[in-house]
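What follows is one structure encoded as structure tokens, with my remarks underneath.
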Amino acid sequence: MCIHLITKASERIKRYLFIFIPNGALSYQSGIINCRLMKLSNIFSRRNRILLRELVITDFKLRYQGSVLGYLWSLLKPLMLFAILYIVFVKFFKLGKEIEHYPVYLLLGIVMWTFFTEATAQGMSAIVARGDLIRKINFPKYIIVVSGTISALINLLLNLIIVFVFLIINGVDIRWSLLLLPINIAELYIFSLAIAFLLSAMFVKFRDISHIWEVVLQGAFYATPILYPVSMVVAVSPIAAKVLMLNPVAQIIQDARYNTVTHQTVTVNSLINNPFIAAIPYVLVLLSILWASWYFKKSQKYFAENV
Amino acid sequence: MSENEPAVVVKDLYKTFKLPHEQHSGLKQHVVNIFSGNKGYEIQKVLSDVSFEIKKGEFFGIVGRNGSGKSTLLKLLAGIYVPDKGLVQVNGSLTPFIELGVGFNPELTGRENVFMNGALLGFSRKEMEDMYDDIVQFSEIEKFMDQKLKNYSSGMQVRLAFSIAIRARSDILLIDEVLAVGDAAFQQKCYRYFDELKKANRTIILVSHDMSAIKQFCDRAILISNGKVILDGKPGDVAVEYERLNYDKEVNTEDSSVGKVDKRVTLSTLNPKGKNVDTFEYNTGITLKVEWTDEYKVGAVGFLIYKNQELIFATNSFSYGEFLDKREACLNLKLDLGNGRYNVRVGLFGQEGRHDFLGMFDDKTIVIYNQPQKDKQGNEYEGVLLLDNEWIS
């Protein structure tokens, strides 16, 4: 039931996102656009919704099939990662002592980063993994990528429930700014989707992408202030800290922590005074989704031949 | 939509594929190719200049040998591929199914697969629930619906897929090689379904190797060879031409040793209008004509008709007379032989009579079609010969 509602809500978001992507079903018409077909686009979008839903459900069923704990694993995995990082970095290396509720702060960052890696990795391989479908059926290809990212989104929402439990256990003050968290999540989702579009389209032609992306993610994990507080970087080099914060994922995670956990969090706005420079991460997100949609739309025509 | 409007218009369609020379999905290979000037692929023309129209309510067949481009054509119609040049216009909704059971997942149960497959056809969960019982009943595998698909036999999978696929409500249906799978009983089910579709006046595009299905159901068919439409017409004619194409390939590879290829002797098969053709309608006249140059002194001529290397009929001119000062000989025959391919050969004899055999020349394949399915008494029959028959009780 819960999954059902979440799927529905995110589908709705998706529809707004894709207004600028004309219906894929029409794109094979070379030259002439048939007006009659345009009217059918309503039906197509209904079909797409049905398909998206089934794909997400199937994904979810298959992922933990045969495992005893099943869905619980989507909760357990980030929790275990959190336990490891907490013991290593907070207990041994004594990071984040100056930040209140650091464990929750850390957990939120890990949960959001996990979503980012999951959504991009699943989105990337989505087209290739469903190659059999693409070779035999004509339907808007973006649905497959979206369905991959939605399963990750469902995981994120489940994980956020755990984060809230921790928030309460740790006695964090619940502030009004918490209401801004959905906006941060939406921004993160859009950025992840943009990257998933780019990678999935490239992955059809260059299978090296998956290895490259694995390494990039590994590096980005350390280049993003997830484990360590930004203040640590500022102490060494303020310039480096500013550059670091221009990364949209860093900006989003810090904003989310600011809104949810503690106002001690360093955000782009508090670190960079020039509003134009501080706007860079947001602009990057916007540009990336536009560019990725354009690129995906351009290359999807040949997926069936190349996949 | 008006009634006379075509359901599908295909105009000047071109499609080429880039065939990579080797495994070419790596970045390294790509870079190497850029520097070495090696394009890394070959251009293969799959379809060139294909045009046809399909009317509303027509049962349309697409026939062709393997690799002729017919599946590519189907994928272009379904919008899976994008044409290089030309137009594919589809008026109305079209079932995107090229194959049965697309999207079936072996790890899911039969029940879950029904819903997934239904979603690909555009049915919501609610709609699928309403028709679920019918689908299960039709597929005759009630007991197994909660088992994983990987435990199904291939026949069960096909039955399930077919039961879902026939629920499609679209205006145009694409069907590719469905009949190639399943046992006789299942094929009967398919045929009955086709009959229903035909009665309901749906537009259907059927791709098949099974000429009897093409002839039985299609109103019109096209034959594709090497990416071109070489015949657009009645299913019977298309079937005959298809058989002939298949046969040509065989002759070229295996059979050339039988008749000597000698440019000085030519064999032609003339229809009643005097045209040299190789397809003949059942029970029409045929004139076998052999011509030779004056390097040969021919005393007598023999004509032989074979089917699958078995002699069907042979005759010679020894009692008729000599052809010594002539350059040709003709024989009129009435062709009441059954549908299929036959080989015509000619043997020449010299002046010295029966022992002066000059050899067998030329080997020509003719195809006979349009044999009636019933004899004069109305009994159904088939085969090479119509034998006198009478039922007694």
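Top to bottom, those sequences are chains S and H. Every position in the first sequence, counted from 1, becomes a number in my numbering once 1305 is added. Every position in the second sequence, counted from 1, becomes a number in my numbering once 28 is added. Heads up, the beta-carbon is just placed ideally off N, CA and C, and yes, glycines get one too.
- At least one CB of chain H lies nearer than 8 Å to the CB of Lys1606/S.
- Going by C-alpha positions, Ala228/H is about 12 Å away from Lys84/H.
- With a cutoff of 8 Å on beta-carbon distance, Ile163/H and Arg197/H are scored as not near each other.
- Val326/H is positioned such that its CB atom lies no closer than 8 Å to that of Asn344/H.
- Across the stretch 168-201 of chain H, no CB contact with chain S closer than 9 Å is found for any residue.
- Residues of the stretch 155-167 of chain H with a C-beta atom less than 8 Å from some C-beta of chain S do not occur.
- A straight line joining the alpha-carbon of Leu1549/S with that of Ala1555/S spans about 7 Å.
- If you draw a straight line from the Cα of Tyr270/H to the Cα of Ile1439/S, it is about 31 Å long.
- DSSP links Trp320/H through a beta bridge to Val293/H.
- Residues of chain S whose Cβ lies closer than 9 Å to the Cβ of Leu136/H are, in chain order, Thr1363, Lys1366, Leu1367, Gln1370.
- Residue state for Asn94/H is assigned as coil, using DSSP reduced to three classes.
- In the DSSP assignment, Cys246/H falls outside any alpha helix (DSSP H) and carries neither an H nor an E.
- Per DSSP, Arg373/H is one residue of the beta strand (DSSP E) stretching across 368-377.
- Identification of residues in the stretch 1422-1450 of chain S having a C-beta nearer than 8 Å to some C-beta of chain H yields Asp1437, Leu1438, Ile1439, Arg1440, Lys1441, Ile1442, Asn1443, Phe1444, given in sequence order.
- Annotation for Gln117/H: Val37 place their beta carbon closer than 6 Å to its own, counting only its chain and skipping 5 residues before and after.
- Taking 8 Å as the upper bound on Cβ-Cβ separation, chain S lies near residues Lys103, Leu104, Ala106, Gly107, Ile108, Tyr109, Val110, Pro111 of the stretch 95-111 of chain H.
- Interface residue (Cβ-Cβ distance to chain H less than 8 Å): Arg1562/S is not classified as such.
- Chain H places no beta carbon closer than 8 Å to that of Leu1504/S, leaving this residue out of the contacts.
- Inter-residue distance for Phe1387/S and Val1470/S is about 15 Å (C-alpha atoms, whole angstroms).
- Neighbours of Leu1356/S in chain H, taken as residues at a C-beta separation under 7 Å, are given in chain order as Ala147, Leu148.
- The three-state reading of DSSP puts Ile1479/S in coil, since its state is none of H, G, I, E or B.
- A direct Cα-to-Cα measurement between Asn1460/S and Lys1446/S gives close to 23 Å.
- Around the Cβ of Met1417/S, a 10 Å sphere holds 16 or more other Cβ atoms; the residue is buried.
- Look at Gln117/H here: in three-state DSSP terms it is strand.
- For Ile250/H, the closest C-alpha among the options Val91/H, Lys39/H, Leu41/H, Leu47/H is that of Val91/H.
- Straight-line spacing of the CA atoms in Val372/H and Lys243/H works out to 26 Å.
- When beta bridges are read from the DSSP output, Leu339/H appears opposite Tyr334/H.
- Contacts between Glu1359/S and chain H, judged by CB atoms closer than 7 Å, involve Phe143, Met144, Ala147 in chain order.
- The stretch 151-171 of chain H makes contact with the stretch 181-188 of chain H; the number of CB pairs closer than 8 Å reaches 3 or more.
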